[in-house]
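Colleague: In UniProt numbering, the protein residues as written are 1 to 542.
I am attaching a structure below and will ask some questions about it afterwards.
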């Protein structure tokens with residue numbers, strides 16, 4: 001019969017088993033993101049990796065080492081690749097569909113890893129491999145949250161999109177565990193080649209499995225493939241056997257009305273993303289909101305710890321920095337789970353505001369203690385730094401980590417969604433690149449005082465969320481678009497907004513939807529032969 005015929009009730013509505021499986025499979029993309037992020041931190045300490053790709057400094061009689069310039073480029077070039085992959089992801093997602101675009105991203109990731117594994121002595125060879133792998137990761141970082149948001153029923157959308165960040169944290173932790181396991185053979189090339197090679201194996205279930213999932217109903221509908229869109233939507237509700245189910249009808253009609261309205265205004269363009277259109281309010285507003293949310297997600301400081309954590313804690317006199325990195329990874333995973341509950345319970349705004357303030361406080365402690373009492377001289381300072389890092393990461397994992405990806409999936413209108421999502425994700429990778437590139441130089445210059453910069457960024461992030469981010473909890477993507485289009489509504493009042501036809505955000509008004517169905521059926525009787533209207537696509541089903 002297929003999974004499309006089975007469902008379970010979640011938050012009072014049927015959600016298809018196929019939708020849940022889709023969420024699990026696509027979140028492997030987050031795992032690859034995290035795995036690739038976490039693996040480099042330990043590899044930078046491996047003896048063979050340093051000997052092969054480092055340089056012998058004048059007066060150094062020991063062995064070649066990675067200088068700050070090479071280290072910076074090796075870490076940050078992946079982010080540049082991901083930035084370009086995110087921008088190109090807008091085109092591949094629109095041209096080929098959301099599923100094939102993600103398979104293409106997996107292919108790039110595999111090719112990049114093969115290039116890295118085959119590197120022998122040239123750090124440029126390794127750099128190019130990380131760049132190509134980054135193209136794939138960037139493509140997936142756009143495609144996965146967008147595909148999930150367009151496919152998943154609203155009752156589980158927030159939690160599943162947020163679990164993308166959970167899989168990022170799992171990927172980081174697994175890479176840390178593998179780094180910890182292979183450190184005993186750090187003088188052999190197998191140490192880092194095993195770490196990179198396993199990434200290929202982890203990527204295959206996504207590249208293949210996604211092709212068996214239903215295509216995004218909104219992508220299909222935007223190409224006038226309405227019948228396929230309806231079947232896809234029914235499968236995701238577990239109602240493939242009942243295409244006329246009332247829940248499917250109501251979801252489909254919301255999507256249909258919104259897409260017809262948007263298509264009447266023409267095709268969305270890059271110009272519209274940045275200059276706006278009179279037909280759709282707050283498009284530019286949403287473009288820059290997505291960009292700032294994702295840039296600041298990186299500049300909270302999280303990858304300061306995950307890219308260079310082992311190096312930072314080694315310089316702080318910690319005997320086993322990879323073990324500390326393992327602890328940070330475990331905290332990251334464990335504290336992401338509460339975030340999946342919080343996003344559906346408390347919405348998006350409040351956790352983001354509170355989370356940014358909490359993170360700012362612990363980064364202030366981290367930087368102040370490390371600067372005033374250097375950990376090389378005061379052992380207690382090293383302990384405080386580890387605790388502060390753990391408390392910071394716990395908050396990030398519960399709030400800014402998962403919630404930023406939910407924001408990018410929910411905020412943009414369909415006509416420009418792929419383009420705006422790619423720009424927002426590119427901003428994430430730009431921030432990621434700057435962290436990776438600047439940290440070695442900042443460490444040489446201002447050392448732990450770099451934490452004060454992240455303190456300021458978290459304070460700015462809290463203000464951004466309060467002043468500009470609308471609350472999207474329990475809303476369909478179509479109603480999110482209507483909310484942002486309400487010119488009289490302010491972000492800090494958006495929690496009270498309820499869409500037309502609803503008693504509250506979680507309860508539909510049956511009389512309203514019955515009137516719409518009756519109106520649609522009456523409209524069918526008024527059609528005359530030769531009409532070019534597409535409304536029959538809805539009324540025939542009614």
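No residue lacks a Cβ here, since even glycine has one placed at the ideal position from N, Cα and C.
1) Output needed for residue 487: all residues of its chain with C-beta closer than 7 Å, excluding positions within five of it in sequence on either side, in chain order.
2) My parser needs the alpha helix (DSSP H) runs of 4 or more residues fully inside the stretch 158 to 217; what are they?
3) Could you spell out the range, first to last residue, of the alpha helix (DSSP H) harbouring residue 102?
4) Pull up the distance between the alpha-carbon of residue 429 and that of residue 177, whole angstroms please.
5) For residue 77, which residues in the same chain have their Cβ closer than 6 Å to its Cβ, ignoring the five residues on either side in sequence?
6) Quick one: Cα of residue 85 to Cα of residue 48, how far?
7) The ligand NAD heavy atoms versus the CB of residue 127: any closer than 7 Å?
8) Using the rule of at least 16 other Cβ atoms within 10 Å of the residue's Cβ for burial, across every protein chain shown, is residue 271 buried or exposed?
9) Can you tell me where the alpha helix (DSSP H) with residue 391 in it begins and where it stops?
10) Quick check on the burial criterion: 16 or more other C-beta atoms within 10 angstroms. Buried or exposed for residue 531?
11) Span of the beta strand (DSSP E) holding residue 9?
12) So, helix, strand or coil for residue 14, using DSSP?
13) Note down the Cα distance separating residue 180 from residue 41, rounded to an integer number of angstroms.
14) Taking 8 Å as the threshold (C-beta atoms), are residue 431 and residue 212 in contact?
15) Within 8 Å, do at least three Cβ pairs link the stretch 455 to 470 to the stretch 480 to 494?
16) Since residue 258 is in the beta strand (DSSP E), which residue starts that stretch and which ends it?
17) Candidates 150, 448, 97 and 255: which alpha carbon is nearest residue 388's?
18) Looking at residue 420 and residue 286, is the spacing between their C-beta atoms short of 8 Å?
19) In whole angstroms, what is the alpha-carbon distance linking residue 436 and residue 454?
20) Apart from the five residues just before and just after residue 52, which ones in its own chain have a Cβ nearer than 6 Å to its Cβ?
21) Please determine, among 393, 471 and 234, the residue with the shortest C-alpha to C-alpha distance to residue 172.
22) For the stretch 505 to 514 against the stretch 181 to 199, do three or more pairs of beta-carbon atoms, one drawn from each stretch, fall closer than 8 Å, so that the two count as touching?
23) For residue 516, name the three-state secondary structure that DSSP assigns.
24) Any idea if residue 462 is buried or exposed, counting beta-carbon neighbours within 10 angstroms, 16 or more meaning buried?
25) Looking at the secondary structure, which residues open and close the alpha helix (DSSP H) in which residue 343 lies?
26) Taking the Cβ atom as the reference point for each residue, do residue 349 and residue 471 lie within a distance shorter than 8 Å?
27) I need the straight-line Cα distance from residue 410 to residue 477, nearest angstrom please.
28) Going by the beta-carbon positions, is the gap between residue 305 and residue 340 smaller than 8 Å?
29) Express the C-alpha separation of residue 444 and residue 360 in angstroms, rounding to a whole number.
30) Whose C-beta lies closer than 6 Å to the C-beta of residue 536 among residues of the same chain, with five residues either side of it excluded?
31) At the level of alpha carbons, what is the spacing between residue 90 and residue 417?
32) Given 8 Å as the limit, is there contact between the stretch 135 to 152 and the stretch 213 to 221, that is, 3 or more CB pairs closer than that?
33) So, residue 206 versus residue 106, is the Cβ gap smaller than 8 Å?
34) Of the choices 87, 24 and 123, whose alpha-carbon is the least far from that of residue 55?
35) Under the rule that 16 or more other beta-carbon atoms within 10 Å means buried, what is residue 143, buried or exposed?
36) Quick one: is residue 528 buried, meaning 16 or more other Cβ sit within 10 Å of its Cβ, or exposed?
Modeller: This is what the structure holds:
1) Here residue 487 corresponds to residue number 487 of the chain shown, with the count starting at 1. Around residue 487, the same chain offers 281 as residues with beta carbons nearer than 7 Å, after the five sequence neighbours per side are excluded.
2) Annotation: the stretch 158 to 217 contains the following complete segments of the alpha helix (DSSP H) (minimum length 4 residues), in chain order: 190 to 209.
3) Taking the chain shown and counting its residues from 1, the one referred to as residue 102 is at position 102. Where residue 102 is concerned, the enclosing alpha helix (DSSP H) stretches over 98 to 117.
4) Walking along the chain shown from the start, residue 429 turns up at place 429. Walking along the chain shown from the start, residue 177 turns up at place 177. Rounded to the nearest angstrom, the two C-alpha atoms are 25 Å apart.
5) Start at 1 with the first residue of the chain shown, and residue 77 comes out as number 77. Only 127, 130 and 131 meet the Cβ criterion.
6) Position 85 of the chain shown, counting from 1, holds the residue named residue 85. Position 48 of the chain shown, counting from 1, holds the residue named residue 48. Distance between the alpha carbons of residue 85 and residue 48: 30 Å.
7) Questions concerning the ligand NAD fall outside what the structure shown contains, since it holds no ligand whatsoever.
8) In the chain shown, residue 271 corresponds to position 271, counting from 1. Burial call: exposed.
9) By one-based count along the chain shown, residue 391 stands at place 391. Where residue 391 is concerned, the enclosing alpha helix (DSSP H) starts and stops at 379 to 398.
10) Sequence index remark: in the chain shown, residue 531 carries index 531 (1-based). Because residue 531 sits at a pLDDT of 47, beneath the cut-off of 50, its placement in the model cannot be relied upon, and the following sentence gives the value as read from the coordinates. So residue 531 ends up on the exposed side.
11) Stepping through the chain shown from its first residue, residue 9 is reached at position 9. Unbroken beta strand (DSSP E) run through residue 9: 7 to 10.
12) Your numbering for residue 14 matches position 14 in the chain shown. If DSSP states are grouped into helix, strand and coil, residue 14 belongs with the strands.
13) What you label residue 180 is simply residue 180 of the chain shown in a count that begins at 1. What you label residue 41 is simply residue 41 of the chain shown in a count that begins at 1. Separation of residue 180 and residue 41 (C-alpha to C-alpha, rounded to the nearest whole angstrom) is 11 Å.
14) The count along the chain shown starts at 1 and reaches residue 212 at position 212. The count along the chain shown starts at 1 and reaches residue 431 at position 431. No; because the gap between Cβ atoms is not below 8 Å, this pair is not in contact.
15) At 8 Å Cβ cutoff, the stretches touch.
16) Here residue 258 refers to the residue found at position 258 when the chain shown is read from its first residue. Looking at the DSSP string, residue 258 is not in any beta strand (DSSP E); the run it does join, the alpha helix (DSSP H), is 246 to 263.
17) Stepping through the chain shown from its first residue, residue 388 is reached at position 388. Comparing Cα-Cα distances from residue 388 to each of 150, 448, 97 and 255, the minimum goes to 448.
18) The count along the chain shown starts at 1 and reaches residue 286 at position 286. The count along the chain shown starts at 1 and reaches residue 420 at position 420. Cβ distance < 8 Å, so residue 286 and residue 420 count as in contact.
19) For the purposes of this step, residue 436 is identified with residue 436 of the chain shown, where counting begins at 1. For the purposes of this step, residue 454 is identified with residue 454 of the chain shown, where counting begins at 1. Rounded to the nearest angstrom, the two C-alpha atoms are 14 Å apart.
20) For the purposes of this step, residue 52 is taken as the residue at position 52 of the chain shown. Excluding five sequence positions before and after residue 52, the CB atoms of its chain that fall closer than 6 Å to its own CB belong to 121, given in chain order.
21) What you label residue 172 is simply residue 172 of the chain shown in a count that begins at 1. For the set 393, 471 and 234, the Cα lying nearest the Cα of residue 172 is the one of 393.
22) Contact between the stretch 505 to 514 and the stretch 181 to 199 is absent: fewer than 3 CB-CB pairs across the two stretches fall below 8 Å.
23) Position 516 of the chain shown, counted from the first residue, corresponds to residue 516. Per DSSP, reduced to three states, the secondary structure at residue 516 is helical.
24) Looking up residue 462 in the chain shown gives position 462. Answer is buried; the Cβ neighbour count reaches 16.
25) Your numbering for residue 343 matches position 343 in the chain shown. Here the alpha helix (DSSP H) through residue 343 covers 336 to 345.
26) For the purposes of this step, residue 349 is identified with residue 349 of the chain shown, where counting begins at 1. For the purposes of this step, residue 471 is identified with residue 471 of the chain shown, where counting begins at 1. Contact flag set, yes.
27) Along the chain shown, read from residue 1 onward, the residue named residue 410 stands at position 410. Along the chain shown, read from residue 1 onward, the residue named residue 477 stands at position 477. Approximately 6 Å, taken between the alpha carbons.
28) Numbered from its first residue, the chain shown carries residue 305 at position 305. Numbered from its first residue, the chain shown carries residue 340 at position 340. Not closer than 8 Å, so no.
29) In the chain shown, counting from the first residue as 1, residue 360 sits at position 360. In the chain shown, counting from the first residue as 1, residue 444 sits at position 444. Each residue's alpha carbon lies about 23 Å from the other.
30) Within the chain shown, the letter at position 536 stands for residue 536. For residue 536, the pLDDT reaches just 48, beneath the cut-off of 50, and the residue's location in the model is therefore unreliable, leaving the point undetermined.
31) What you label residue 90 is simply residue 90 of the chain shown in a count that begins at 1. What you label residue 417 is simply residue 417 of the chain shown in a count that begins at 1. Straight-line Cα distance between these residues: approximately 8 Å.
32) A contact exists between the stretch 135 to 152 and the stretch 213 to 221.
33) If you number the chain shown from 1, residue 206 lands on position 206. If you number the chain shown from 1, residue 106 lands on position 106. Yes; because the gap between Cβ atoms is below 8 Å, this pair is in contact.
34) Position 55 of the chain shown, counted from the start, is the residue given in the question as residue 55. Nearest option by C-alpha distance: 123.
35) By one-based count along the chain shown, residue 143 stands at place 143. That one is buried.
36) One-based indexing of the chain shown puts residue 528 at position 528. In this predicted model, residue 528 has a pLDDT of only 47, less than 50, meaning its place in the structure is not dependable; the value taken from the coordinates is given anyway. Around the C-beta of residue 528, fewer than 16 other C-beta atoms lie within 10 Å, and the residue is accordingly described as exposed.
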